[in-house]
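Worksheet: one structure, shown below.
In the numbering used here, the protein residues as written are 31 to 529.
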C-alpha cells in the first residue's frame, strides 16, 4: 500500500501584527455573488493583493548543510519524514551555486520595509533576496526568527520601492466553509493565486509545540512557504505552512498557522529580535478517561501535571504532581495542547490565577509567570522537583506487572541515581494493562493512587483496595527508566479491560 507523504511545504506561520494599524477598507467587499450563491471572480481582490506578496531567494553559507537543523522528532513512520528528507536533499550541493527561489513572504509594513516568511526558508543563509511583484530583486536583512513557530521577520530598504502592505484579520472569526485565497511562489513560478475554503480548524499535525493549524483545500504547493492566506476582505488570517500529499503536490489538504497565534511572536521579534514567552515550569500530559475517573474528575479535560521544575513559577506557587490544570488566566484548558500556547502568550512577570483539580475538588493558585527562553538558557527545564521515594518486591497480576526492589546492582545496571528510590518494574506481561500503557522493564513506580509507595507490598495493598472499591483503573506516577522523566499512567484492571 502506498504511503502518503505529509509535506511541510516550507510554509509556516506568521503571527499577525497590525504594524501600521491598517483599517479594513470600505472597498474590500465580497466578490460578486449570483442568485445561487456562487462567487463569480476573485480578480479584483487578487489584483489588489498580489503586489504585497513577495518571493524569497537565498544563498547558503559555506558548510551550511552541516549546520542545518536536524529533522524534527516526528513519531516513527510519520509522513512528514519524507518531506524533510526531500527538502534536505534539494538543498545539499555546492555553496557556489547561485541563489535558488525557496519560498514566499508578504509585506506587513511598507514604510519600514518589514516582511514575514518562514524560518526554514532563510535558515543558514549567507544572503537573502526579496523579489517584489515587479520582478525587482532587493537585498534583505534578518530582523529575528523563531524556530518553534517557523517564523522569520525580514527588512528591506523601502526607499523608492512603493511597497504595499497587507493588514491582518481575526483568524478566530473564521468559520469552516469560509472562502480563502492563498498567494505564493509555488515551484518557483512566481506570484500565483489559488482559492478554496476553510476545511477544518485547530489541527495538530505535530509540527511544533504550538500547533493550531487552519486546514484548507486551496491549492498549496512547495514554494508557498511563508505566503499569506487571505479572507475575502483582503486580510491575512494565516500563513500557508504544510500540505498532505502522496506526491508532494496539492491534493486539497493544506495547513496554515492562524494569524492570531502569530501576533505576539512577530511583535516580540520586532521589539527584541527574539521571542519572550511565558513559562510555568511543569511537565504535562493528556487526561485520559481512566485518569479522570481515578482523580474523581467528571469530565475528561485539562492538562495533568506530571512533574515540576525546581525553582520554577509552578513550584513557588504550590503546584503538585497529579494536579489537573482546568483553567489558566481565565481561559479553559479543554485539551493538554491548549496550555503551552496560552502560557507562552501570557505576559512575563504577570500574576495570574490558575484553577486546578486536586483531592477531588477545584482549587485556585496564583502564579507569577517566568520567561521560557531564560529558563532554557539556564538549563532549568530538565531539573525536576524531588521525586517520591520507595523500594521492595512482588507481582501484581491484575495489572500485568512484576515488581522488585531497587538494589545496588540494579542502580549500576540501569544508571539510577543514588537518591532515586521507588518500586522497580522487573517485568511486564506482554498482553497486560501495563504493556498497553507503555511500561517496560527498568521503569520505576513512584506513586499509586497519588500515594507514595516504598515497597511492592504497598503497591499490592493499594491496588487491592482499588479493586475492592470496583475502581476501573489504578493511577500510577512512573519515572521512565528511572532517568527523571515522569508521567502518569492509568492501568485498567484485567477484568475491566474488555469493551
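Each residue gets a CB set at the ideal place from its N, CA and C atoms; glycine is no exception. The structure presented is a predicted model; accordingly, all values stated were derived computationally and were not measured.
Where does residue i fall in DSSP's three states?
| i | result |
| --- | --- |
| residue 226 | strand |
| residue 271 | strand |
| residue 465 | helix |
| residue 526 | Reliability of the predicted coordinates at residue 526 is poor, the pLDDT of 44 falling under 50, and no value is obtained from them. |
| residue 81 | helix |
| residue 479 | coil |
| residue 185 | strand |
| residue 144 | strand |
| residue 457 | strand |
| residue 166 | coil |
| residue 426 | strand |
| residue 208 | coil |
| residue 500 | coil |
| residue 315 | strand |
| residue 304 | coil |
| residue 472 | coil |
| residue 521 | strand |
| residue 72 | coil |
| residue 198 | strand |
| residue 241 | coil |
| residue 489 | helix |
| residue 533 | Any question about residue 533 goes unanswered here, given that the chain covers just 31 to 529. |
| residue 295 | helix |
| residue 447 | coil |
| residue 434 | strand |
| residue 125 | The pLDDT assigned to residue 125 is 48, lower than 50, so where the model puts this residue is not dependable, and the model offers no usable value. |
| residue 214 | strand |
| residue 440 | helix |
Quick one: measure Cβ to Cβ for residue i and residue j, integer angstroms, because I've assumed they're closer than 8 Å.
| i | j | result |
| --- | --- | --- |
| residue 212 | residue 257 | 6 Å |
| residue 84 | residue 160 | 5 Å |
| residue 465 | residue 409 | 34 Å between Cβ atoms; not a contact. |
| residue 354 | residue 345 | With a Cβ gap of about 17 Å, residue 354 and residue 345 do not count as contacting. |
| residue 285 | residue 233 | 6 Å |
| residue 215 | residue 254 | 7 Å |
| residue 182 | residue 149 | 5 Å |
| residue 75 | residue 264 | 6 Å |
| residue 79 | residue 196 | 6 Å |
| residue 321 | residue 518 | 6 Å |
| residue 240 | residue 179 | 6 Å |
| residue 483 | residue 508 | At roughly 11 Å, the Cβ-Cβ gap does not stay under 8 Å, so residue 483 and residue 508 are not in contact. |
| residue 271 | residue 287 | 5 Å |
| residue 259 | residue 269 | 7 Å |
Going by beta carbon distance, what residues of the same chain come within less than 7 Å of residue i, once the five residues before and after it are set aside?
| i | result |
| --- | --- |
| residue 306 | 298, 378, 401, 403 |
| residue 133 | 40, 86, 147, 148, 151, 215, 253, 255, 256 |
| residue 194 | 81, 82, 137, 140 |
| residue 497 | 428, 523 |
| residue 521 | 429, 463, 464, 467, 503, 504, 506 |
| residue 314 | 333, 334, 335, 336, 366, 369 |
| residue 456 | 432, 433, 434, 471 |
So what does residue i bridge to, in DSSP terms?
| i | result |
| --- | --- |
| residue 90 | 155 |
| residue 249 | Looking at the DSSP assignment, residue 249 forms no beta bridge with any residue, so it has no partner. |
| residue 288 | 268 |
| residue 258 | 269 |
| residue 134 | 85 |
| residue 175 | 182 |
| residue 515 | 510 |
| residue 505 | 520 |
| residue 231 | Per DSSP, none; premise fails for residue 231. |
With a threshold of 6 Å on Cβ separation, who are the neighbours of residue i within its own chain once the five nearest residues in sequence on each side are excluded?
| i | result |
| --- | --- |
| residue 319 | 330 |
| residue 374 | 307, 308 |
| residue 480 | 352 |
| residue 493 | 426, 504 |
| residue 372 | 358, 361 |
| residue 157 | 89 |
| residue 177 | 149 |
| residue 238 | 178 |
| residue 364 | 331 |
Beta-carbon within less than 8 Å of residue i's beta-carbon, same chain only, minus the 5 sequence neighbours each way: which residues are those?
| i | result |
| --- | --- |
| residue 390 | 325, 326 |
| residue 392 | 356, 385, 386 |
| residue 247 | 226, 227, 229, 282, 283, 284 |
| residue 207 | 227, 228 |
| residue 440 | 434, 446, 454 |
| residue 348 | 395 |
For residue i, verify whether its CB is less than 6 Å away from any heavy atom of the ligand COA.
| i | result |
| --- | --- |
| residue 406 | Ligands in the displayed structure: none, and consequently the ligand COA is not present. |
Hey, which unbroken runs of the alpha helix (DSSP H) at 4 residues or more fall wholly within the stretch 332 to 416?
-> 343 to 347, 368 to 374, 402 to 407
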